[in-house]
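Chemist:
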Amino acid sequence: AQSVTQPDIHITVSEGASLELRCNYSYGATPYLFWYVQSPGQGLQLLLKYFSGDTLVQGIKGFEAEFKRSQSSFNLRKPSVHWSDAAEYFCAVGASRDDKIIFGKGTRLHILP
Amino acid sequence: DAGVIQSPRHEVTEMGQEVTLRCKPISGHNSLFWYRQTMMRGLELLIYFNNNVPIDDSGMPEDRFSAKMPNASFSTLKIQPSEPRDSAVYFCASSLGELFFGEGSRLTVL
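Protein chains in written order, with the numbering used here: chain B, 3 to 115; chain U, 10 to 119.
1) Starting from Arg115(U), trace the beta strand (DSSP E) both ways and give me its first and last residue.
2) Can you tell me whether DSSP reads Arg110(B) as helix, strand or coil?
3) Spatial neighbours of Ala94(B) within its chain, please: C-beta separation below 8 Å, excluding the five flanking residues on both sides.
4) Give the C-beta separation of His38(U) and Ser103(U) to the nearest angstrom, bearing in mind that I take them to be a contact with Cβ-Cβ under 8 Å.
5) Tell me which residue opens and which closes the beta strand (DSSP E) that Met24(U) is part of.
6) Determine whether the beta carbon atoms of Leu46(B) and Phe110(U) lie at a separation below 8 Å.
7) For Ser16(U), which option in Val118(U), Leu108(U), Thr85(U) has the closest C-alpha, if you only look at C-alpha atoms?
8) Please classify Gln4(B): does DSSP put it in a helix, a strand, or coil?
9) According to DSSP, is Gln89(U) helix, strand or coil?
10) What separation, rounded to the nearest whole angstrom, lies between the Cα atoms of Tyr29(B) and Lys77(U)?
Now the structure itself:
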């Protein structure tokens, strides 16, 4: 069965600094990988996804993520964070596009002015 | 498109009462998922449907929980009887290659 680990529960960065949120997955075959963002009181919004092809994927709001099969990782990055990026971020894995998607426990991002 | 629509947005009920949460997926999406979110357990997949057929309900906590999808445009999640530990935000999501989430139904069982 697939699983996702987000080792950092909270991350604090200064506005304008770079960001990397970690995600490790467990799945026997090539996984379908996702990053979602959730603002307080809202549903989850897709930032980006990886199905196949180029291992560096670009998403919305200036985010990118890199799939590294050898490390079973799919870390999310942004070169310069904005105060509006403060939210909770979830990494997720699935066996196919419409198969069940399993989420990590999330990383809450705090931005210092 | 209006997106995934869930109702009610908020529900406060007393222990032992029946709760029904509703979801209207995005038209044309062939998969529908019910998730529960709590601080302690994060986002848990309860059940998912593909073409209106339940595929995996292994995440449903116990027999008090049931879900139906009578047609492609409607699904319900029912809890009967409800208990305080069921208090959570319940999300519905539909998919045609990627998940689109509703805004959730916040359930409080007193």
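Glycine included, each C-beta is placed from N, C-alpha and C at the ideal position. Predicted model, so just to flag it, every value in this text is computed and none were measured.
Modeler: Looking at the atomic coordinates:
1) On the second sequence, residue 115(U) is found 106 positions in, with the first residue counted as 1. Unbroken beta strand (DSSP E) run through Arg115(U): 114 to 118.
2) By one-based count along the first sequence, residue 110(B) stands at place 108. Look at Arg110(B) here: in three-state DSSP terms it is strand.
3) Here residue 94(B) is taken as the residue at index 92 of the first sequence, counted from 1. Correct list, in chain order: Val6, Leu35, Phe36, Trp37, Tyr38, Ile103, Ile104, Phe105, Gly106.
4) Walking along the second sequence from the start, residue 38(U) turns up at place 29. Walking along the second sequence from the start, residue 103(U) turns up at place 94. Yes, they are in contact, since the Cβ atoms of His38(U) and Ser103(U) sit about 4 Å apart, within 8 Å.
5) Working through the second sequence from its first residue, we reach residue 24(U) at position 15. Per DSSP, Met24(U) lies in no beta strand (DSSP E) segment and is marked neither H nor E.
6) Sequence index remark: in the first sequence, residue 46(B) carries index 44 (1-based). Sequence index remark: in the second sequence, residue 110(U) carries index 101 (1-based). Between Leu46(B) and Phe110(U), the C-beta gap is smaller than 8 Å, which places the two residues in contact.
7) For the purposes of this step, residue 16(U) is taken as the residue at position 7 of the second sequence. Among Val118(U), Leu108(U), Thr85(U), the Cα nearest to that of Ser16(U) is on Thr85(U).
8) Residue mapping note: residue 4(B) aligns to position 2 of the first sequence, counting from 1. DSSP places Gln4(B) in coil when its eight states are reduced to three.
9) Sequence index remark: in the second sequence, residue 89(U) carries index 80 (1-based). In the structure shown, Gln89(U) sits in coil (DSSP, three-state: anything other than H, G, I, E or B).
10) Position 27 of the first sequence holds residue 29(B). Position 68 of the second sequence holds residue 77(U). Distance between the alpha carbons of Tyr29(B) and Lys77(U): 29 Å.
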